[in-house]
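Structure, as structure tokens:
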Amino acid sequence: MAILKAADPHPQTFAQSFLGPDNPKELRLIAISSLSGAATIDGTSGALGNAHDSALLAALRSWSDAVLVTASTAAKESYVAPTSLEEDAQQRIQRGQLPHPHLVVLSNSLQFDLPRAGKVIALSPWQAHQQWQQRREQLIAEGHEVLSYRGSIANAIRTLHHVGIRRICCEGGPWLYTQLSQADCIDKLYFSLAPVVCTPVQHPLFLGGDGHTQQQHMRLEAGRNTEDGLLFLRYSTKS
Numbered sequence: 109m110a111i112l113k114a115a116d117p118h119p120q121t122f123a124q125s126f127l128g129p130d131n132p133k134e135l136r137l138i139a140i141s142s143l144s145g146a147a148t149i150d151g152t153s154g155a156l157g158n159a160h161d162s163a164l165l166a167a168l169r170s171w172s173d174a175v176l177v178t179a180s181t182a183a184k185e186s187y188v189a190p191t192s193l194e195e196d197a198q199q200r201i202q203r204g205q206l207p208h209p210h211l212v213v214l215s216n217s218l219q220f221d222l223p224r225a226g227k228v229i230a231l232s233p234w235q236a237h238q239q240w241q242q243r244r245e246q247l248i249a250e251g252h253e254v255l256s257y258r259g260s261i262a263n264a265i266r267t268l269h270h271v272g273i274r275r276i277c278c279e280g281g282p283w284l285y286t287q288l289s290q291a292d293c294i295d296k297l298y299f300s301l302a303p304v305v306c307t308p309v310q311h312p313l314f315l316g317g318d319g320h321t322q323q324q325h326m327r328l329e330a331g332r333n334t335e336d337g338l339l340f341l342r343y344s345t346k347s
């Protein structure tokens, strides 16, 4: 059976069918890049996608308990609070979820300003110094929730699981993608490949480094392409 097929011309229909098998505890990473490996054009990823890409992002958010993103990416992309259509909200309630997914903002310092994001869950490595503690109390006083963890990014994901956030849609950026890959935390990768070469590559999808190269082998589950040449690939890390 051919894995690569033409995408349904209706973006929402395509997105729902491309989500794949459901799993109540899964970290799904969604990413897009150019053929040359650039994750952004002029600082944001929106110019690389199309209506199908936007629909897939919305479908993954609707599936999730929370959208996970770094503070820097949330600021650059002008994040707003994730919402669901009324029909999707009802389906979420029937699955035992809240009507709308949380927005989880990963920040080392807790120093971020997202005026359009509403109440967020700030996720940060625990720190003893006074500035971090004061910022934590300030965020809580403003109505946000602050979750702290110790150690690796894997412990950050375990912290989310501990508070009932089990369906996680990770939207970046490259630093977080790299950390999750190295910690073997990715269950599904929804990768969109835009038919464009842009140089120089200022922001690659995954970050480089001087250390030992780690490999995470993935299995291709499905592939779709749209008429404008955008390629959608769904990978699983499970055999």
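In the working numbering, the protein residues as written are 109 to 347. Don't be surprised by glycine CBs; every beta carbon is placed ideally from N, CA and C. Since this is a predicted model, take the numbers as computed values, not measurements.
Selected residue, minimal CA-CA separation from Leu112, among Val175, Gly331, Leu338 and Gly337: Gly331
Nearest-angstrom beta carbon gap, Val309 and Ser144 [assumed within contact, 8 Å]: 6 Å
DSSP state of Pro303 mapped onto helix, strand, coil: Note: Pro303 maps to coil in three-state DSSP.
Same chain only: Cβ atoms within 6 Å of Cys277, ignoring 5 sequence neighbours per side: Cβ neighbours of Cys277 beyond the five flanking positions: Arg136, Leu168, Arg169, Ser172 and Val175.
His118 versus His160: straight-line alpha-carbon distance, rounded: About 8 Å.
Segments of 3+ residues assigned as beta strand (DSSP E) that fall wholly inside the segment 131-176: 134-142
Ala114, buried or exposed, once every other Cβ within 10 Å from all chains shown has been counted against 16: Here Ala114 is exposed: its Cβ has fewer than 16 other Cβ atoms, across all protein chains shown, within 10 Å.
Through-space distance from Arg274 to Gln199, alpha-carbon basis: 17 Å
Pair within 7 Å by beta-carbon distance, Ser142 and Leu313: For Ser142 and Leu313, no; Cβs fall outside 7 Å.
Three-state class that DSSP yields for Asn216 in the structure shown: Coil at Asn216, not helix or strand.
Buried or exposed (CB count within 10 angstroms, at least 16 for buried), Gly281: buried
Check whether Glu253 and Val177 have beta carbons under 7 Å apart: Not a contact, by the Cβ cut-off of 7 Å.
Cα-Cα separation, Gln241 to Asn158: 42 Å
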